[in-house]
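If you use this note's numbering, the sequence shown corresponds to residues 9 to 460, in order.
Cβ atoms here follow ideal geometry from the backbone N, Cα and C, with glycine treated the same way.
Everything on this sheet refers to the single structure shown next.
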Amino acid sequence: MLFPPNKATESAVRIMEQILLGKYILTGLIGAGANSQVYLARHRILEQDRAIKRISKSVPGCEGFLSEANLLKSLKHPGIPMIYDIEEDDAYYYIVEEYVRGESLEAYVLHQKTISLKFVLQLGRQLCEIIGYLHALPEPVIYQDLKPEHIIVYGDQIKIVDFGIASVISFDGNPYQSYGTARYAAPEKRSGSPCDERTDIYGIGVILRFLEAHLPPEEHSARLHGIIDRALSEEKEARYETAAQLEKQLEMEKETDKISEGNKHPAKNMAVIGMRAGIGATHVAISYNVYLNAVGTACLYVAQDNKGDLWQMAASDRIRLDPKTGYVSCGDFLGTSSQGNSKEWSRRGHCCLIRDLGTYGSTDIELETCEGIVLVLGGRDWEMEAACQLYEKLRLRKHVVPVVNYGNEWAARQYAKRWRRNVYCFPLDGDPTTLSREKRQFFDTLQKKERW
9 MLFPPNKATE
19 SAVRIMEQIL
29 LGKYILTGLI
39 GAGANSQVYL
49 ARHRILEQDR
59 AIKRISKSVP
69 GCEGFLSEAN
79 LLKSLKHPGI
89 PMIYDIEEDD
99 AYYYIVEEYV
109 RGESLEAYVL
119 HQKTISLKFV
129 LQLGRQLCEI
139 IGYLHALPEP
149 VIYQDLKPEH
159 IIVYGDQIKI
169 VDFGIASVIS
179 FDGNPYQSYG
189 TARYAAPEKR
199 SGSPCDERTD
209 IYGIGVILRF
219 LEAHLPPEEH
229 SARLHGIIDR
239 ALSEEKEARY
249 ETAAQLEKQL
259 EMEKETDKIS
269 EGNKHPAKNM
279 AVIGMRAGIG
289 ATHVAISYNV
299 YLNAVGTACL
309 YVAQDNKGDL
319 WQMAASDRIR
329 LDPKTGYVSC
339 GDFLGTSSQG
349 NSKEWSRRGH
359 CCLIRDLGTY
369 GSTDIELETC
379 EGIVLVLGGR
389 DWEMEAACQL
399 YEKLRLRKHV
409 VPVVNYGNEW
419 AARQYAKRWR
429 RNVYCFPLDG
439 DPTTLSREKR
449 QFFDTLQKKE
459 RW
């Protein structure tokens, strides 16, 4: 559904703010390809956003656009955009569908720098569930063109878009096997042989291999590699027969990963405090939450600093807010500002809370309920004396882990000499919801050396 804009589509921007089909106000150009455009529109009465895909009737083979629309309108699944209208005028065909706030898997992985094994398994299982739904329809549908650009990531969920070459399986095979993207195509598509459900199994394997290539070395799994190898078998008969079989294998890999991660010392009820406002305590706390969830320790970030940063985050297109539960999520990040949610989290047996208390002040009562403190310090010359006084005050009551922000290794060494203990240097970082290689190494070291 989404295409990168190009110069040929710049003129399409001029129709913004126009009324389309009598009920939609066009507000933006989402993207465009050689033969179609996708616009962001607002329903005039319902005041809800829609994505409108448009193709000119002058394009050869544009009737296939209607085939895609008629197929999509019959599908009802949370992993597939909902179709609201199919329209046409003298010059164009239109599909009006659900607008998905998110980014393509290709863009998501590019922005993340590194991803976790947990993310790969979670996405793989969701993908199997969506493809399995298509295959289980009364008239089974094969998607045929799985690739990172066609998977939209929003929060911790995905949707598959662009059903342009999906088709109903017939006894004579798939009439569209020659279409699709060559570098992602199954062998039978490249050779012109009939396609079936196992063609999509190969497509899932392509996505998993793409993700596997972005795992850090320490998270590579021989078992996952073998699962992907089977999905990518040249002979259809050697692949998994159904998406459900592949999903089961990924679920088993998830349990194996939990066992191995469970051997690590679990994090507990932690407080993160900054020595002053703006020192980056919230950034460190969110990053810690992302790390723990990524390595398999169920963790909830709790905003207790009353600054409202969590709700500002929720305004981002990448961040998902569940208005019913009050949870905010993005990839491996899960947070709340509700004390009720944090108590419920603990009652459910989850062992880890990362509590962002903001700047140290009247937090003594809160600290009594925490098992350890991450103290975020500045490294400027004029900050060091105040940092030392605060550290000495807190360490008499709790296990304190001092962290110097902004990649200031010199300051970390000075504190370490003075206190004769490990002082950690948090790397320079732009986005707390992503887990870079440097942050992973930072938290790996912290978890290994500190005993909470």
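- Residue pairing by DSSP puts Met278 in a beta bridge opposite Ile362, Gly380.
- Nearest neighbour of Tyr116 by Cα position, chosen from Arg238, Lys61, Thr441, turns out to be Thr441.
- Classified as buried, Asp170 has 16 or more neighbouring CB atoms from the shown chains inside 10 Å of its CB.
- The alpha carbon of Asp389 has as its nearest neighbour, out of Met260, Val412, Lys126, Ser295, the alpha carbon of Val412.
- Asp317 has no beta-bridge partner at all, per DSSP.
- Taking 8 angstroms as the cut-off, the beta carbon of Leu154 is found closer than this to the beta carbon of Asp208.
- Ala279 places its beta carbon less than 8 angstroms from that of Cys378.
- The Cβ neighbour count for His291, taken over all protein chains shown within 10 Å, is at least 16; the residue is labelled buried.
- Out of Gln120, Tyr192, Leu145, Ala193, the CA that lies nearest to the CA of Val161 is found in Gln120.
- Phe341 has Cys338 as its beta-bridge partners, per DSSP.
- In the assembly as shown, Leu398 is a buried residue. Its beta-carbon has 16 or more other beta-carbons within 10 Å.
- By alpha-carbon distance to Val104, the top candidate from Tyr141, Arg58, Glu114 is Arg58.
- An exposed status is given to Gly36, since fewer than 16 other beta-carbon atoms sit within 10 Å of its beta-carbon.
- In this chain, the alpha helix (DSSP H) harbouring Leu131 covers 125-143.
- Inclusion of Lys447 and Asp437 in the CB contact set at 8 angstroms is warranted, their separation being smaller than that value.
- The residues Thr367, in chain order, have a CB closer than 6 angstroms to that of Ala285 in the same chain once the five nearest residues on each side in sequence are set aside.
- The Cβ neighbour count for Met260, taken over all protein chains shown within 10 Å, is under 16; the residue is labelled exposed.
- Partner residues in the beta bridge of Lys61, as assigned by DSSP, are Val46, Ile103.
- Spanning the alpha carbons of Ser241 and Glu227 requires a straight line of approximately 24 angstroms.
- By the neighbour-count criterion, in which a residue is buried when 16 or more other Cβ atoms sit within 10 angstroms of its Cβ, Lys244 is buried.
- By the Cβ rule, the stretch 127-140 counts as touching the stretch 248-258, because three or more pairs are nearer than 8 angstroms.
- Taken through DSSP and simplified to helix, strand or coil, Glu96 comes out as strand.
- For Gln397, no pairing in a beta bridge is given by DSSP.
- By the criterion of a C-beta distance shorter than 7 angstroms, Cys338 is surrounded in its chain by Gly163, Arg326, Ile327, Arg328, Thr441, once the five residues flanking it on both sides are discounted.
- Ala221 and Ala239 have their alpha carbons spaced roughly 16 angstroms apart.
- Taking all protein chains in view, the Cβ of Ser112 is crowded by 16 or more other Cβ atoms within 10 Å, so the residue is classified as buried.
- With respect to the C-alpha of Ala40, the residue from Arg50, Ile235, Gly30, Ile60 having the closest C-alpha is Ile60.
- Less than 8 angstroms separates the beta-carbon of Ala194 from that of Gly211.
- In its chain, beyond the 5 residues on either side, His51, Arg52, Ile53 have a beta carbon closer than 8 angstroms to the beta carbon of Lys31.
- Residue pairing of His222 in beta bridges, as defined by DSSP: absent, with no partner found.
- About 7 angstroms separates the Cβ atoms of Pro156 and Ile215, confirming a contact at the 8 angstroms cut-off.
- Relative to Tyr432, the option among Val303, Leu318, Gly386, Phe218 whose CA is nearest is Gly386.
- For Leu113, no beta strand (DSSP E) segment is defined; the enclosing uninterrupted segment is the alpha helix (DSSP H) at 113-120.
- Pro435 has its alpha-carbon roughly 38 angstroms from the corresponding atom of Pro86.
- Ile362 and Pro224 have their alpha carbons spaced roughly 24 angstroms apart.
- Cα atoms of Ser64 and Ala99: separation of roughly 6 angstroms, rounded to the nearest angstrom.
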